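A short write-up of the structure that comes next.
2 protein chains.
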Amino acid sequence: MSSAATRPAGPDDLWSVDEHLDDILATVRPLEPIELQLLDAQGCVLVENVTVPVSLPPFDNSSMDGYAVRVADVAGASEEFPAALEVVGDVAAGAADPVRVGPGQAARIMTGAPLPPGAETVVPVEWTDGGLGEGPASGMRARSLAPEGAEGQVHVYRPAEARAHVRAEGSDVRAGELALEAGTVLGAPQIALLAAIGRGTVRVRPRPRVVVLSTGSELVQPGEQLAPGQIYDSNSFALTAAARDAGAIAYRVGAVADDAETLRTTIEDQLIRADLMVTTGGVSVGAYDVVKEALSSVGDEDEAGGGVEFRRLAMQPGKPQGFGTIGPDHTPLLALPGNPVSSYVSFELFVRPAIRALMGLTGLHRPRTRATLKADAALRSPRGRRQFLRGRYADGEVTPVGGAGSHLIAALAKADALIVVPEDTESVEPGGEVEVVLLG
Amino acid sequence: MSSAATRPAGPDDLWSVDEHLDDILATVRPLEPIELQLLDAQGCVLVENVTVPVSLPPFDNSSMDGYAVRVADVAGASEEFPAALEVVGDVAAGAADPVRVGPGQAARIMTGAPLPPGAETVVPVEWTDGGLGEGPASGMRARSLAPEGAEGQVHVYRPAEARAHVRAEGSDVRAGELALEAGTVLGAPQIALLAAIGRGTVRVRPRPRVVVLSTGSELVQPGEQLAPGQIYDSNSFALTAAARDAGAIAYRVGAVADDAETLRTTIEDQLIRADLMVTTGGVSVGAYDVVKEALSSVGDEDEAGGGVEFRRLAMQPGKPQGFGTIGPDHTPLLALPGNPVSSYVSFELFVRPAIRALMGLTGLHRPRTRATLKADAALRSPRGRRQFLRGRYADGEVTPVGGAGSHLIAALAKADALIVVPEDTESVEPGGEVEVVLLG
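Structure, rendered in structure tokens:
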């Protein structure tokens, strides 16, 4: 149950944007962790401290293609007086049982291959004749083309210190060290490290499954023909895309007609695949506001803790909002207003943080910055409402796009920022400073 | 064929990072456009100018829940002297054939519903008694609970100007206007607009399919047991994740043993689902560098324009690189070095821009910035090499993480930036300025 007791007392009182968000974030808990294959865990939050089971590299290995030799055998070598060594074999990467290098001997060695027993250092192939007897080599010929390279003689033209061109066992990480801390978000480099230390699966919070449905008998699927009085359903598309963008696995159910019973059964039906449910429309004061009507009795009414509460927020657009939990699992549900711009702004302010909280992320919010208002006229905003205007941000300046009308979806598509006008501000002059939410 | 003629002449000459990248970007062409369902087009680049087929809103509609009335009927209305009007019916959103409002009449109207014929303005329900005769109403009761609200009498307490609370047809966008320009990247707000104007599908460049495979007989799948001389395959995981992050649909083929014939057949087999192929390992000068060996003869050798060229770049890490096209469709292939850090840095510098070029994006590169070096000692870099060190960036400062060793994958997992040390710089003192690539 939302903690309504500590909130605005009467049904006519307005909730602030922050009170509504706080209520949502106090209710939404991170999802239970699950063991996932590495690539399924991309973008997820690790819930375990991962320690290194085996040092990296796991054995001394060559950082160059060349020859593994003893230091004394190449001491003083030069182009004029090269060291001539007997090649006793190849050491390829992955070699389980490399040859032994004795005095006066060398083993041809590839990058990443284990330093063979007896060898003390590696001379790069460019410091040798590559076994061809034709002066400094620029590289090695492929083994399949030149199997004879693994025997015969090699001339080395430069000396090498002990353990030159050798990557020491454990020089990257040592067994027992902390590889990644719980709370780390798994991007490509973190997945690289987990794979490198041998972890095939990892324990993370999964991506939340978000079910999106819009309501309204006037809504028609894009691509179909409009009859008089009808409009196209855009919210279910926009919010499904926005939910994915926030990190969720999103399911678009589409538009449901304004009938409380249909809506109730649809929501109950979808609960099985929802970690979070988002509806749009039907939350206002109108006589056809079926979301309000339907959600008063979704799920098992005997369950404790259920219930969706409808509120009016001191906010523009997005004044009417619903929030609560439904069904036996207390699945959180956000009921957003039906107007496309209102629903999108509401998504950014309330649903996106809820999705990221479900993922266990700590950075729940879009970045914000201060910007100078670049406009021909002052921005007007009603007292007592926090207004979110659409704008374009660049180089510390923000320019409003379109007007305040919450139906200006064409302007929204050109915006990359929301301009925040606080409750106690009724006007912002051009050149004034405003807070800006960067939609990224 | 890569334009090698204008590049370094001899096989021993180094290519610069920029020459190699230019060669890749001159070869990689944006993918052919395809008509996709809206939600499948998320993140893709639009290739058509989309015009508005029908104005938004498509008809005058109410922005409030209230009553549609004639202006003269509510002129001078007040709480003391309310206007009493006959309620002739409901106008719900989606209503095809609304009631007609005559003199002395009102129609209950919902947000988004068409302004009915005869009506000139809308009074919000809060300015009326909601038809209940009990003073100002705070909202409407659901129609199913109060069907009688659609008849009887309503008292209106305030006057309204003509077209108050009415959203005019076409006030958002007008039919024939440009909704979205070719080249627009489709995020949630753009998908909202496309849906709102009735577009169910849209013509975009698809996400490229990227096949990732690593090579090396020493590679073992994470989760398995390591034998002596073996290491875990991390590159195929890391680069698959990185390719997805760049916008691609990525397929991880996994590790292929160091056998040219096996590698050749694997690559030929995978070509069918590849718009871009990425290999790691086997590109150096070693005798087991099978990628180099195998790719000299992949696909149909009679085809013009095929072939992968192997180069040495004036770069650290990531010196050995291969690039070219293979197979009948001239599928671009990038052969990256096998070391995990080298391959990841190479991915960021070369593969990511190639993926974004295939998508038709214009912003190919990670953002870069200047930063102050925060370090205990000077950074050293070999003359003539552009060095990319791993670092953490914050507030205009960058701190190196780990050393220059290209095997320091643990450090990579802590980095969020690459520190660029140019070819002509051998040392950067603490407090000096460096260029930084933000890995985001």
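If you're matching them up, the sequences are chains L and V in order. The first sequence begins at 1 in full-length UniProt numbering and counts up by one. The second sequence begins at 1 in full-length UniProt numbering and counts up by one. From the three backbone atoms N, C-alpha and C, an ideal C-beta is built for every residue, glycine too. Please read all numbers here as calculations on a predicted model, not as lab measurements.
Asked, Found
"Host alpha helix (DSSP H) of I326/L (start-end)", "Not the alpha helix (DSSP H): I326/L falls in the beta strand (DSSP E), residues P320 to I326."
"Any chain V beta carbon closer than 9 angstroms to Q190/L", "yes"
"Chain-order list of residues whose beta-carbon lies under 8 angstroms from that of E429/V (same chain, five-residue window excluded)", "L373 and A378"
"Three-way DSSP call (helix, strand, coil) for Y344/V in this model", "helix"
"DSSP-derived helix/strand/coil call for H20/L", "helix"
"Per-residue burial, A411/L [other beta carbons within 10 Å of its own, 16 or more giving buried]", "buried"
"From V290/L, S138/L and R100/L, residue whose alpha carbon lies closest to that of A260/L", "V290/L"
"Inter-stretch contact (C-beta, 8 angstroms, three-pair minimum) for the stretch 384 to 391 of chain V and the stretch 53 to 69 of chain V", "no"
"Cross-chain neighbours of A175/L in chain V, by beta carbon under 8 angstroms", "Per Cβ cutoff of 8 angstroms: no residues; A175/L is ~12 angstroms from chain V at best."
"Residues bridged to Q387/L [DSSP beta-bridge criterion]", "Q316/L and V421/L"
"Amino acids of chain V, ordered along the chain, whose beta-carbon sits closer than 9 angstroms to that of G338/L", "A93, T111 and G112"
"Nearest residue (CA-CA) to S367/L, options A417/L, L438/L and P317/L", "The sequence shown places Pro at residue 367/L, not Ser. Checking every option, the nearest Cα to that of P367/L belongs to L438/L."
"Cβ contact check for the stretch 217 to 230 of chain V and the stretch 251 to 266 of chain V: 3 or more pairs under 8 angstroms", "yes"
"Collapsed DSSP secondary structure at V283/V in the structure displayed", "coil"
"Contact belief for P136/V with V74/V at Cβ below 8 angstroms, rounded distance in angstroms", "Not quite, the Cβ-Cβ distance comes to about 15 angstroms (not below 8 angstroms), so this is no contact."
"Near the ligand SAH: L193/V beta-carbon under 8 angstroms from a heavy atom", "In the structure on display, the ligand SAH does not appear, and there are no ligands present to speak of."
"Alpha helix (DSSP H) segment containing T362/L, residue limits", "No alpha helix (DSSP H) holds T362/L; DSSP gives it neither H nor E."
"Span separating the alpha-carbon of E423/L from that of T240/L", "30 angstroms"
"Three-pair Cβ contact test at 8 angstroms for the stretch 309 to 323 of chain L versus the stretch 170 to 180 of chain L", "no"
"Nearest candidate by alpha-carbon position, reference E420/L, set E19/L, E433/L and K414/L", "For clarity, residue 420/L is Val in the given sequence; the question names Glu instead. Closest by alpha carbon: E433/L."
"CA nearest to the CA of G396/V, picked from I249/V, G402/V, G431/V and T362/V", "G431/V"
"Among S236/V, V308/V, R205/V and R199/V, the one whose alpha carbon lies nearest that of I355/V", "R205/V"
"Residue-chain proximity (S217/V, chain L), Cβ-Cβ < 9 angstroms", "yes"
"Distance between beta carbons of Y157/V and V122/V, contact taken as under 8 angstroms", "Going by Cβ atoms, the distance from V122/V to Y157/V rounds to 14 angstroms, so no, they are not a contact pair."
"Contact check, V202/V vs L418/V, beta carbons under 9 angstroms", "no"
"Assigned secondary structure, L85/V (DSSP; H/G/I helix, E/B strand, else coil)", "strand"
"Proximal residues of chain L, C-beta to C-beta of S234/V below 9 angstroms", "I191, A192, L193, L194, A195, A196 and I197"
"I409/L and L193/V closer than 9 angstroms at C-beta", "yes"
"G338/L and S427/L closer than 9 angstroms at C-beta", "no"
"Minimum length 3: unbroken beta strand (DSSP E) runs contained in the stretch 67 to 126 of chain L", "83 to 91, 105 to 109 and 121 to 124"
"Sequence-distant residues of the same chain with beta carbon closer than 7 angstroms to G104/L, five excluded per side", "D73, L85 and E86"
"Proximity below 9 angstroms, CB of L276/V to CB of P208/V", "yes"
"I109/V to G281/L span [Cα, whole Å]", "15 angstroms"
"Check whether P114/L and P124/L have beta carbons under 9 angstroms apart", "no"
"Cα-Cα separation between S3/L and V278/L, rounded to whole angstroms", "Low confidence applies here, because S3/L scores a pLDDT of 45, under 50, leaving its location unreliable; read the following figure in that light. Between S3/L and V278/L, the C-alpha separation is close to 20 angstroms."
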